[in-house]
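Per UniProt numbering, residue 1 is the first one in the sequence shown, and the count goes up by one each step. Cβ coordinates follow ideal geometry from the N, Cα and C atoms, glycine included. Before any comments, here is the structure.
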Amino acid sequence: MAPQNIVVVGATGQQGGAVVKSLLDLPESSSRFRILALTRNAQSERARHLVSEHNGTVSLIEGDNADPGPIFASQPEGSIDSIFIVTVPGQKTPEEQQAIPLIDAAVAHGVKHIVFSSVDRGGDEKSWTNPTTIKHFLAKHNIELYLRDKADKEAGGKFTWTILRPVCFMDNMKPGHAVLHVHGHVGRRAEARHQAPAGRRQGYRRVWYQGLERPREVVGQGRQPGRR
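Given below as structure tokens:
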């Protein structure tokens, strides 16, 4: 069986790097996956170290997820199985613009499954209708709705998706932080603790690597979450 091609956004950062590490920790990962690590600077020390450490399994793609055309142009159409998307608040490019053009380009390219790392806003059902007044929570809420609704509009179930909604990361707990609600790091959750309910076409609060590796097991078929 040919290895699955998985694009990981921010592969040299915290979440993306943890995604890459956890995929590579899976049994026989070198024959099961080809990881396309998206980075803004392929010449950075972290990018070069990532490739040298996992030569043959990890390849670099240099690009800007706000301008994703060149990212997908470098790969044969329909060749990418999954993509992991994470957005970063406080950047020059708003979070919606970090994710939405990338989602559109991925779907147009034929990517089969999209995993988006969002944030919890009061539980699975409330999160769909509770953007909150926190700027980066609102941005991620908008991206979630765009991803869900785009899947609705695409005929024939063109792609499936998984949304992760962690809360605060332990990695962010540094002296001076006032918020002390913590959650395990997305990339280190090696077992599924919250599975998409049976009979739903899309999944949420799902451990990321199973959404990337076995999307059909994650998503099932049927009613959409957040819809009556």
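**Request:** Report yes or no: do three or more beta-carbon pairs, one from the stretch 31 to 41 and one from the stretch 105 to 114, lie closer than 8 Å?
**Result:** No: the two stretches stay apart, fewer than three of their Cβ pairs being nearer than 8 Å.
**Item:** Proximal residues to H54 (C-beta, below 7 Å), its chain only, five neighbours per side dropped
**Value:** Cβ neighbours of H54 beyond the five flanking positions: L24.
**Request:** Decide if Y204 is buried, meaning its Cβ has at least 16 other Cβ atoms within 10 Å, or exposed.
**Result:** Its pLDDT being 46, under 50, Y204 is placed unreliably in this model, and the coordinates cannot settle the point.
**Prompt:** Near G63, which residues of its chain fall below 7 Å by C-beta distance, leaving aside the five closest residues on each side in sequence?
**Reply:** Correct list, in chain order: L38, P70, I71.
**Prompt:** What residues in its chain sit with their C-beta under 6 Å from that of T132, if we drop five residues either side in the sequence?
**Reply:** R121, listed in sequence order.
**Request:** Can you have a look at V86 and say buried or exposed, based on whether 16 or more other CB atoms are within 10 angstroms of its CB?
**Result:** The residue in question, V86, is buried, as its Cβ has 16 or more Cβ neighbours within 10 Å.
**Message:** In the DSSP assignment, the alpha helix (DSSP H) including H109 goes from what residue to what residue?
**Reply:** Note, H109: alpha helix (DSSP H), 95 to 109.
**Item:** Which of helix, strand or coil DSSP assigns to F72
**Value:** Helix.
**Request:** Could you tell me the distance, in whole angstroms, from the CA atom of E154 to the CA atom of V9?
**Result:** Computed Cα separation, rounded: 23 Å.
**Request:** Write down every uninterrupted run of the alpha helix (DSSP H) in the stretch 114 to 155 whose length is 4 residues or greater and which is fully enclosed by it, in chain order.
**Result:** Runs of the alpha helix (DSSP H) inside the stretch 114 to 155: 124 to 129, 135 to 153.
**Asked** Taking C-beta to C-beta, are I83 and Y146 nearer than 9 Å?
**Response** Not closer than 9 Å, so no.
**Prompt:** If we ignore side chains and look at the alpha-carbon of each, how far apart do D152 and T160 end up?
**Reply:** One C-alpha to the other measures close to 10 Å.
**Message:** Only counting the same chain, and skipping five residues up and downstream in sequence, which positions put a Cβ closer than 7 Å to that of E96?
**Reply:** Here E96 has A139, N142, I143 as same chain residues with Cβ atoms under 7 Å from its own Cβ, once five neighbours each way along the sequence are excluded.
**Message:** Quick check: the Cα distance between T57 and P68, rounded to an integer number of angstroms?
**Reply:** Per the coordinates, the alpha-carbon of T57 lies some 22 Å from the alpha-carbon of P68.
**Prompt:** Leaving out five residues before and five after R165 in sequence, what residues of the same chain have Cβ atoms less than 8 Å from its Cβ?
**Reply:** The residues are S118, V119, D120, R121, D124, S127, Y204, R205.
**Asked** If you compare alpha carbons, which of I80, I114, K135, E77 is closest to Q91?
**Response** Comparing Cα positions, the closest option is K135.
**Item:** Run of the beta strand (DSSP E) containing A66, from where it starts to where it stops
**Value:** First-last for A66: undefined, no H or E at that position.
**Asked** In whole angstroms, what separates the C-alpha of H49 from that of T129?
**Response** One C-alpha to the other measures close to 42 Å.
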